[in-house]
Amino acid sequence: MAERRVLATGRRFATVLRTVVLASLGLVAGVGLTVAVAAVLWSALFAALAPRRAVVWADAAVMCALCLAQTSLVQPEALADSTNWVLAAASITAVTHQWYLTTRAGAVLTAAVVVCEVAGGVSAPIALWTFAEAAMSRGLVLLLRSGARSADQVIASAERTRREAAVASARRADEREQLAVLHDTAASTLFVAGSGAVQGREPWLVERAAQDVAVLTTTAPTGDLDLAEALRDVVRESPLDIEMRAPETVCLTASAVVAVCRAVREALVNVVRHAGVGHAVVSLAIGDRNVVVEVADRGSGFDPAAVPGHHHGISRSIVDRMARVGGRAEVTGGSGTVVRLELPRA
């Protein structure tokens, strides 16, 4: 990418430079003036048609013809020094060709121009300077292309690293979500069943197990969902006596609704496990910019900062989950516990 841009820029610069040089040579009087003007017009055509290789070779043929006709185009005394306008045109042409051809092809055309210069009457030592000028142009081409190629490699490597990092990050996020879902569903249900909270055959436990299986085996929904209705479903699944405060309908993206519902479910499971009460309040409110969901209980409470690092119910199933959908979660303890979830409305 960078190499192509550098080469294209160099070609434009070289072609414009040659056109300017040939236009300056048009100040030469006599026969030279007419031919120089024709050379300028040809250079403009060359700029429009290049970089087609056939056009470059045709351009070289035109320059060789000018070199062979020097005795008719310039003053005799100019053939022996560098004031020869054809020599100047040939030199800038050889310089320009290096930007359009391979190294070998550029060398061949430069050699052809030099041979025609000498055959046209230019002193050989002076004509050989065209080789030096073409070589410097070729060196600049190689240097800039090498630098641009290195830049392309660095950019490609950085993009590859960024892409690999993005894939790895997405994979880790997916793994964290899967672990959080497993923690929130089957693991939580089994914990409740084994903690003594279940007395005999509880209908809600059967429904909870069925819901767990559905969550673990179905794909995530897409589009928009009604958060209020989804929260009512979560409340109905809980063994707690829950007071629900919510408007009739609150539509959000499916990913946001799923994240909030799973976080609320985890908060309610924590009430069952740790609060020592059978009642909780789930409230849903719509602000100017945010949607706020709160799960509150008047149980024993706890200090969130004192939760051991290996316990992931709050960190993964609530805080991290909300962060992944652009929201935030705040858990406060004391006289009871309040889990506050916030999401932007848009």
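The numbering of the sequence shown is this note's numbering, which starts it at 69 and goes up by one. Think of the CB as a built atom: it goes at the ideal place given N, C-alpha and C, for glycine as much as any other residue.
Go ahead and pull the three-state DSSP assignment for Ala97. Confidence is the limiting factor: at Ala97 the pLDDT is only 45, short of 50, which leaves the residue's position unreliable and the question unanswerable from this model.
With 16 other CB atoms within 10 Å as the buried threshold, where does Arg172 fall? exposed
Output the distance between the C-alpha atoms of Ala353 and Val222, rounded to the nearest integer angstrom. 50 Å
CA-to-CA distance, Arg408 to Ala238, given in whole angstroms: 26 Å
Measure how close the beta-carbons of Val332 and Val360 come, nearest whole angstrom, since I'm counting them as under 8 Å. So it is not a contact: roughly 12 Å between Cβ atoms.
Compare the Cα-Cα distances from Val406 to each of Glu297, Val340, Ala335 and Val345 and report the closest residue. Ala335
Assuming the contact rule is C-beta atoms closer than 8 Å, Val163 and Ala82 should be a hit. Round their C-beta distance to whole Å, please. 7 Å
Is Gly98 buried or exposed, if buried means 16 or more other CB atoms sit within 10 Å of its CB? Confidence is the limiting factor: at Gly98 the pLDDT is only 49, short of 50, which leaves the residue's position unreliable and the question unanswerable from this model.
Quick one: complete alpha helix (DSSP H) runs, 4+ long, within the region 119-200? 121-136, 138-141, 153-165, 171-187 and 192-195
Would a C-beta distance cut-off of 9 Å place Arg213 and Glu71 closer than the cut-off? yes
With a 10 Å radius around its C-beta and 16 neighbouring C-beta atoms as the bar for buried, classify Thr87 as buried or exposed. buried
By DSSP, does Arg357 sit in helix, in strand, or in coil? coil
Which residue or residues does DSSP assign as beta-bridge partners of Met69? In the DSSP output, where bridge partners are listed per residue, Met69 has none listed.
Where does Gly401 fall in DSSP's three states? coil
Own chain, CB closer than 7 Å to Ser111, minus 5 neighbours either side, in chain order: Arg86, Thr87 and Leu90
Hey, Met390 and Val328: beta-carbon distance below 9 Å or not? yes
Classify Arg366 as helix, strand or coil using the three-state DSSP reduction. coil
Look at the Cβ atom of Val399, then the Cβ atom of Arg330, and state whether they are nearer than 9 Å. no
Would the region 145-153 count as touching the region 120-127 if we require 3 or more Cβ pairs under 8 Å? no
Considering only C-alpha positions, which residue in the set Pro144, Leu320 and Val337 is nearest to Leu295? Leu320
Three-state secondary structure (DSSP) at Ala348? strand
Where the beta strand (DSSP E) containing Leu293 begins and where it ends: Asp292 to Asp294
Where does Val318 fall in DSSP's three states? coil
Inter-residue Cα distance where the pair is Glu232 and Thr317: 41 Å
Run the CB neighbour count on Ser385, radius 10 Å, all protein chains shown included, and call it buried at 16 or more, exposed below. buried
Other residues of its chain near Val74: CB distance less than 7 Å, five sequence neighbours each side excluded: Leu212, Arg213 and Ala216
Looking at His342 and Leu308, is the spacing between their C-beta atoms short of 9 Å? no
Can you give the beta carbon distance from Gln138 to Gly189, rounded, assuming they're within the 8 Å contact cut? 5 Å
Identify every residue that forms a DSSP beta bridge with Ile310. Ala348
Buried or exposed by the 16-neighbour rule on C-beta atoms within 10 Å, applied to Val339: buried
Quick check: the Cα distance between Val108 and Ser159, rounded to an integer number of angstroms? 15 Å
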